[in-house]
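There are 6 protein chains.
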Amino acid sequence: MDLSPYRITTEPYYHPTGHEIALYEHAYAHRLPLMLKGPTGCGKTRFVEHMAWRLGKPLITLACNEDMTAADLVGRYLLDTDGTHWHDGPLTTAVRHGAICYLDEIVEARQDTTVVIHPLTDGRRILPLDKKGEILKAHPDFQLVVSYNPGYQSHGKQLKPSTRQRFAALEFDYPEAAVETDIVAHESGIERSLAARLVDIAHKSRRLRERGLEEGISTRMLIYAGTLIHDGLPPRDSCRMAMTAALTDEPDMAQALEAILDAAF
Amino acid sequence: MDLSPYRITTEPYYHPTGHEIALYEHAYAHRLPLMLKGPTGCGKTRFVEHMAWRLGKPLITLACNEDMTAADLVGRYLLDTDGTHWHDGPLTTAVRHGAICYLDEIVEARQDTTVVIHPLTDGRRILPLDKKGEILKAHPDFQLVVSYNPGYQSHGKQLKPSTRQRFAALEFDYPEAAVETDIVAHESGIERSLAARLVDIAHKSRRLRERGLEEGISTRMLIYAGTLIHDGLPPRDSCRMAMTAALTDEPDMAQALEAILDAAF
Amino acid sequence: MDLSPYRITTEPYYHPTGHEIALYEHAYAHRLPLMLKGPTGCGKTRFVEHMAWRLGKPLITLACNEDMTAADLVGRYLLDTDGTHWHDGPLTTAVRHGAICYLDEIVEARQDTTVVIHPLTDGRRILPLDKKGEILKAHPDFQLVVSYNPGYQSHGKQLKPSTRQRFAALEFDYPEAAVETDIVAHESGIERSLAARLVDIAHKSRRLRERGLEEGISTRMLIYAGTLIHDGLPPRDSCRMAMTAALTDEPDMAQALEAILDAAF
Amino acid sequence: MDLSPYRITTEPYYHPTGHEIALYEHAYAHRLPLMLKGPTGCGKTRFVEHMAWRLGKPLITLACNEDMTAADLVGRYLLDTDGTHWHDGPLTTAVRHGAICYLDEIVEARQDTTVVIHPLTDGRRILPLDKKGEILKAHPDFQLVVSYNPGYQSHGKQLKPSTRQRFAALEFDYPEAAVETDIVAHESGIERSLAARLVDIAHKSRRLRERGLEEGISTRMLIYAGTLIHDGLPPRDSCRMAMTAALTDEPDMAQALEAILDAAF
Amino acid sequence: MDLSPYRITTEPYYHPTGHEIALYEHAYAHRLPLMLKGPTGCGKTRFVEHMAWRLGKPLITLACNEDMTAADLVGRYLLDTDGTHWHDGPLTTAVRHGAICYLDEIVEARQDTTVVIHPLTDGRRILPLDKKGEILKAHPDFQLVVSYNPGYQSHGKQLKPSTRQRFAALEFDYPEAAVETDIVAHESGIERSLAARLVDIAHKSRRLRERGLEEGISTRMLIYAGTLIHDGLPPRDSCRMAMTAALTDEPDMAQALEAILDAAF
Amino acid sequence: MDLSPYRITTEPYYHPTGHEIALYEHAYAHRLPLMLKGPTGCGKTRFVEHMAWRLGKPLITLACNEDMTAADLVGRYLLDTDGTHWHDGPLTTAVRHGAICYLDEIVEARQDTTVVIHPLTDGRRILPLDKKGEILKAHPDFQLVVSYNPGYQSHGKQLKPSTRQRFAALEFDYPEAAVETDIVAHESGIERSLAARLVDIAHKSRRLRERGLEEGISTRMLIYAGTLIHDGLPPRDSCRMAMTAALTDEPDMAQALEAILDAAF
């Protein structure tokens, strides 16, 4: 099995917001299953890519969803002209050959997915392939990482305590203003001063969460806006297109976001 | 793979209502994922066809619905006399060969569809084909465009914030009266003065939304009515058949629409 | 592909109630998608058969239901001893070879069905066969017709505005008394005077809708009753068997219908 | 196709309660679709068997249920060593070769089943085999009969008006006391006087429906009890075992039934 | 077909609580469909095994559940290297070759299962194999027996009256104290006096049903406890482990059960 | 069949909290089905592994979930180039060859799973393989063990009484402070005094259950924290990462946990 497509060969840009790199390294040293908690677009996926690059391990990422079955993770028998043969799923590939397996938005997964990872996340570190009659011991390099956005718990989906308890956790948030300004300037190519104004807009939008906005403007949206401005579009148009138009359909909330833009430009 | 069936060879008629063509070109220059927001029949699909023609890129359109699976988008193994072989889905075709992929009415899709596009809409621009064990890097020409009708959010379906935040957005509405009149006259062949009367009826119907009509008369319906009038049908019959009879089943609302026709002819 | 089984070779009896034949011909001239609205058993299906015969076009009829998939309409790959080959569904057959495709009771269909018809019902007139990688341009003779019973909207199923707006509409109702009398006499063979008494019963039953009867006695039921009377059964027995016994299970409503029969015979 | 397994060669015992045999014959003469309405165990199935024997037509009976698909009725392609071939379902067999098709408890069927019978129950008398591309004209001997228990409508399942209106209907009830006594005596072998006492118990139980019993003791249960008594079991034991023990789990209702037995023996 | 695995060759221990053996024999003599009603663990399954042994008939037992399909009962076509061939399901095996078929917990079955047994439980005694085009007449030895726990009706699942009415019924309960003591002593090997104390605990627990305990301690649990005591475990530990620990999770109820044990030892 | 992958060759560390080892051995001596009740992460899985090692029996563990079918447990026919052949599922393997079968979190299983085990857990000790037509007598070494967390019953899932009553039960809880301290020190390598401080934090967190925390800090989480501390991470960081960050998303509860850490370090 060739894991090279899963190796990250160039350093993914990541600007630390605390000592999360050291904490991850300690967790990886003991192969503790790790949960990354935090809002959308704050950098969790980028962080795990950065850590995979830093540790020199292949990374297999799976976006969880309610239509993904246990077989999609673990594998299945496929019919061939020579009969059926077993096909490892991506989780099994990671367990067998020693990759970091990253289950993005674990809370979206169905129960059969979350239950599959239980024997991988306690002292056993095994993956039973029931249909194949094999008990797979995890490769020493294997680690399981999941991401989780606590802001969605209102949607009725929650992690079961018996799953939560299997993970050490790192909490993420949008970076501090100065750091976020650096990131926006670096990734979009605009001036730091202009980046700071965009970050200020984002901060104001995040405060609207108390008034009912589901999520504020993310770092990723700031980078989109900066890119368009750098490309020559007027800042106001760029901000509306990249930051506020997609964010809400509520007329009141849209007006509040518009007012923030009014104040900024 | 021959993308020529997806190429648009004759210019689709599109009458701009603002500088949306320039905004789209900026977004395409950076391959920003783009969301087109607006009511039914206001020209979003025509716009993306026009832009694909203008940019000279093939366009693969998919109407989202709750019965479409991730495999319908990404592809699957098909059984053949020579065993199974992989068959790229339409999204994969667009990603691999560099088309614009347009997901119409994204909000109707199931979670596994919307989650599939996540790694295509951040810095990674990849499409993991988990079942095939391939991580597909997007072709430089690939862009993802989705459409979204915010007026439907009352039906209980909404885009998750983690999906919304991945898109820059362009907001559409029915064109201004003068522009809409031009369009109706151009497409149906009737006089501008008659087209203006039809547009006036549409405007009055759209105001009925405040009284509970789900959507007003669209530009497309005006063109239907104009076509029938141009063909010799009496205007009143044409308007009832093409504009009001299909629009509602509520007796009150039907009467209100009838009254608008009474006033017009 | 041989469409001859779908050709209607003998004129289906149809008694016009207005100028609906001319309106249909105008709509067909421009291949406008057409919606036939009206109550059960008032003659919508017969009308579209009559028009297909009159226009000399093959007619492919599909009864929509919530278990019909998009593949049932569009087609699928079937496994053969020579491997898989594509099998056009009935909608695709109509689009490719130029039939009128009639989707009966469109509101019963699932979303993936109604979404499939969208690109056939705007300026594009195409049917994308995503699984086959083919974009099928509609044959010049192809027209889409749907039927819709607005009386059922209380059952929670409605057409989405984005679907409604794609259709010109013809409204049907039970024919006027004199016309309905002609139809019943013609189809059952009874005297016109007796037919008039049956039609009078039907009219009284339809007024019960205000008191909660879901639908009144249809023209079809009158023809059944007339047929039994013509065959020698007593009128009262014939009316109970063919008109009232099937119509309701509510004791109050059954008694009201019985009282109407009492008054008639 | 050999329909002989579906032919009824010995006369099924049926005791008419009115002129339902003549009414059925008239309906069959015109092949009117027929609905048999009435409570459980009152003889609807026996009646249709009797009529099939009397008319000398094969009878194909299908018990409707919510897990029966349209393909179960109409047929499907089956995979063989020689590739796929079409396999007529039981409804198609009846339509093609001229049997009476009896859909027992039609209200339990899913929508795709009830919709399938629509074109068989109007002037067309056709069964479109969409997947096979065949439009099957009904054999002249084919008739569709359905049964329906109106007492269940409280369970939330109802026939759609558009289905009801396609049927002439015969209403059934438990036979009158004298007739029911004859039937019980004839089928179980007990004396007429004893049979009369059993029938009296049944009548009292049926009055409990007003107090909440879902259904009273049916004719079939009376025959069971008579059979056990004739076999030497004490009447009280026979009645409890065959008539009351199965009927309810409510302590109050069980006590009321017990009191009826107390009074009888 | 070899039914020998379904034959019971050694007498299953069964202690009658009334004349249920004679009642069963009368029912079997006429092959009346039989329903065994009673609480969990009171001996219904053992009784039917005993009767099958006594009558010298093979017994095919099926535990009903909501995931069991009609095909699981009746049979299906299986694909082979020589094409497809029909495979009788366990119910079909019983009907064809003359076994007693015992459907345990019939109320858990889905509708398609309960409907399948209808033509087997009236005068027809047939099993239509629709997919195979065969109408199977029941073997003279075939009898259908179902079990049913009326205590569960609160879970929203009930037998339809049209199913109930097809069965004669035998009512079961836990045996009287003296009989139950005999059974516990016989099966576990403990002294009769000790067995009597266990039975007394069970009786007290069953009275807790009025206070909300779902079911009291069953005979089977008493035998477990007796077995552990006979094996040398202290009675208190044995009773907690085998009788009370599994029975409830409610702290109040657990305390009440504990108090019963306190009083006993 | 080679069960050696299921044999446990090195003693799993287990610190008894009472005489549960003796109780298990008595239950195993009579092959009583056993239910292990207790909260997440208190050592139930470790205990059953320890007992399998102690008794020298292979152990087949299955994590129950609502997407696991009866066929996943029992087995199925698989298609091969030589036709179909039967493939024993993991439960069948345990029953046929004599392993302990451990169904983890039985309450998560669907009904068809729990019903499958019924004939294995009464006097019959059989597993009917209906699809294969085999009645499998359990190997003398076979025992069924299930785990069950009563704290979850609020999630609407409960074991049916008819399932509960088939098991003897052992109740587990987190170990007493001294024992838990020993375990944490032994498994993580930290000093006993530091381990005691961690255990004290866990005890305080468990008391928060009365204030709404779903579950307190488990022994497993204490070991994670101890491991990180032993590795050089500051205790406070280690405790947040391994013990509190994953446990809750409620701001109030998170603050309460933080206050416990404040008091400890």
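Chains as they are written, first to last, in the working numbering: chain W, 57 to 321; chain E, 57 to 321; chain F, 57 to 321; chain C, 57 to 321; chain V, 57 to 321; chain P, 57 to 321.
Each residue gets a CB set at the ideal place from its N, CA and C atoms; glycine is no exception.
Nearest residue (CA-CA) to residue i, options the options
i                      : options                       : result
residue 186 of chain V : C/157, C/185 and C/205        : C/157
residue 281 of chain V : V/244, V/200 and V/234        : V/244
residue 62 of chain C  : C/108, C/78, C/71 and C/73    : C/108
residue 203 of chain E : E/249, E/99 and E/194         : E/99
residue 295 of chain E : E/263, E/250, E/307 and E/267 : E/250
residue 169 of chain W : W/179, W/219, W/78 and W/58   : W/219
residue 96 of chain F  : F/59, F/274 and F/319         : F/274
residue 83 of chain E  : E/68, E/174 and E/111         : E/111
residue 68 of chain P  : W/86, W/162, W/69 and W/179   : W/179
residue 277 of chain F : C/319, C/201, C/254 and C/177 : C/177
Residue-chain proximity (residue i, chain E), Cβ-Cβ < 9 Å
i                      : result
residue 73 of chain F  : no
residue 230 of chain F : no
Beta carbon of residue i nearer than 9 Å to that of residue j
i                      : j                      : result
residue 152 of chain C : residue 124 of chain C : no
residue 129 of chain P : residue 145 of chain P : yes
residue 184 of chain V : residue 190 of chain V : yes
residue 293 of chain E : residue 284 of chain E : yes
residue 140 of chain P : residue 147 of chain P : no
residue 237 of chain W : residue 225 of chain W : no
residue 263 of chain F : residue 271 of chain F : no
residue 229 of chain C : residue 94 of chain C  : yes
Three-state class that DSSP yields for residue i in the structure shown
i                      : result
residue 214 of chain V : coil
residue 61 of chain W  : helix
residue 238 of chain V : helix
residue 209 of chain F : Bear in mind that the predicted position of residue 209 of chain F carries a pLDDT of just 48, short of 50, making it unreliable; the figure below should be weighed with that in mind. Looking at residue 209 of chain F - three-state DSSP - the assignment turns out to be helix.
residue 160 of chain V : strand
residue 246 of chain C : coil
residue 76 of chain V  : helix
residue 67 of chain V  : coil
residue 88 of chain C  : coil
residue 167 of chain F : helix
Any chain W beta carbon closer than 9 Å to residue i
i                      : result
residue 33 of chain E  : Residue 33 of chain E is absent from the structure shown; chain E starts at 57 and stops at 321.
residue 56 of chain P  : With chain P running from 57 to 321 in the structure shown, residue 56 of chain P is simply not present.
residue 249 of chain P : no
Below-9 Å beta-carbon distance, residue i vs any chain P residue
i                      : result
residue 313 of chain V : no
residue 180 of chain W : yes
Contact with chain C by residue i, beta-carbon distance below 9 Å
i                      : result
residue 309 of chain F : no
C-beta neighbour in chain V for residue i, strict 9 Å
i                      : result
residue 191 of chain P : yes
Residue-level contact to chain F via CB, residue i, 9 Å cutoff
i                      : result
residue 161 of chain E : yes
residue 277 of chain E : yes
Task: Contained beta strand (DSSP E) runs [length at least 3] in the stretch 93–152 of chain F, N- to C-terminal order - done: Counting only runs of 3 or more, we get 115–119, 131–136 and 139–144.
Open item on the list: As an exercise, report each continuous alpha helix (DSSP H) stretch of at least 4 residues that is fully enclosed by the stretch 260–318 of chain P, in chain order.
Closed with: Within the stretch 260–318 of chain P, the complete alpha helix (DSSP H) runs of at least 4 residues are 275–286 and 291–295.
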